[in-house]
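FYI, the numbering for the sequence shown is 1 to 172, going by the numbering used here.
Every residue, glycine too, gets a C-beta built ideally from N, C-alpha and C.
Down below is the structure, laid out as structure tokens.
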Amino acid sequence: MKQAILLGTLCLCCLAAPAGNAGQPTTKPMDKLVFPNHGFAISPLDQPAKGVNQVFFMFLPASGGFAPNVNVQTQTYEGTLDEYVALSLNHFKEAKIAIISSSKPDKDTAVFEYSGRMEERALHWYAKAVLKGGTAYLVTATATEDQWKEVSQKLKSCVDSFEMIPPQPKPE
Numbered sequence: 001m002k003q004a005i006l007l008g009t010l011c012l013c014c015l016a017a018p019a020g021n022a023g024q025p026t027t028k029p030m031d032k033l034v035f036p037n038h039g040f041a042i043s044p045l046d047q048p049a050k051g052v053n054q055v056f057f058m059f060l061p062a063s064g065g066f067a068p069n070v071n072v073q074t075q076t077y078e079g080t081l082d083e084y085v086a087l088s089l090n091h092f093k094e095a096k097i098a099i100i101s102s103s104k105p106d107k108d109t110a111v112f113e114y115s116g117r118m119e120e121r122a123l124h125w126y127a128k129a130v131l132k133g134g135t136a137y138l139v140t141a142t143a144t145e146d147q148w149k150e151v152s153q154k155l156k157s158c159v160d161s162f163e164m165i166p167p168q169p170k171p172e
């Protein structure tokens with residue numbers, strides 16, 4: 001548990017911003033993730049992968065033995081958004097997870113908010129799935145129900161900030 005908290009502390013990065021002009025679109029590959037609140041920058045581990053790939057994990061400070069977090073995962077997926085939503089809702093139902101809301105803000109995106117118990121914890125999730133080119137990009141925020149009121153705005157804002165960028169040139 002101490003290692004998880006240490007990892008969470010080291011990875012406290014929900015306020016990450018790309019190097020360069022914050023908020024400005026760019027077609028240049030990002031060289032570093034910048035964490036101005038912590039005074040450091042680091043190069044991302046950006047490797048192509050097939051199947052399910054955990055790309056990025058960010059943590060807020062832990063309380064009650066759990067660190068609220070946001071993660072980005074890619075999944076090989078060739079189906080439609082409607083099929084992805086139906087599959088997700090079915091998984092939630094099988095896991096006895098309560099759906100709070102589900103929407104499709106555009107033709108490539110689904111957003112879910114849900115809550116339930118996992119590993120003896122009452123958890124609350126907020127997720128955004130974007131389908132593009134045979135891949136599902138799944139961004140998920142997780143906190144305990146006790147933490148949700150305090151951290152939900154920050155977590156939801158982080159998830160909602162996810163956006164696709166144009167394909168980048170491969171480094172030589």
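Ranked by Cα distance from P166, the options G133, K154, V151 are led by G133.
Note on the region 62-118: whole beta strand (DSSP E) runs with a minimum of 3 residues are 69-76, 98-106, 109-118, in chain order. Distance check between R121 and each of A41, M58, I42, P68 places P68 closest, using alpha-carbon atoms only. The secondary-structure analysis by DSSP pairs V130 across a beta bridge with T109, Y137. Each of Q73, S88, H91, Q147 was checked against the Cα of V159, and the nearest Cα belongs to Q73.
In this structure, the alpha-carbon of A86 lies about 15 Å from that of K107. Taking 8 Å as the cut-off, the Cβ atoms of A141 and W125 count as close. The closest CA to that of P44, considering only Q54, N53, H38, L33, is found on L33. T109 and N53 have their C-alpha atoms roughly 19 Å apart. 8 Å or more divides the Cβ of V70 from the Cβ of V151. For K156, the closest C-alpha among the options D31, A41, I100, K128 is that of K128. DSSP, read as helix, strand or coil, puts Q168 in coil.
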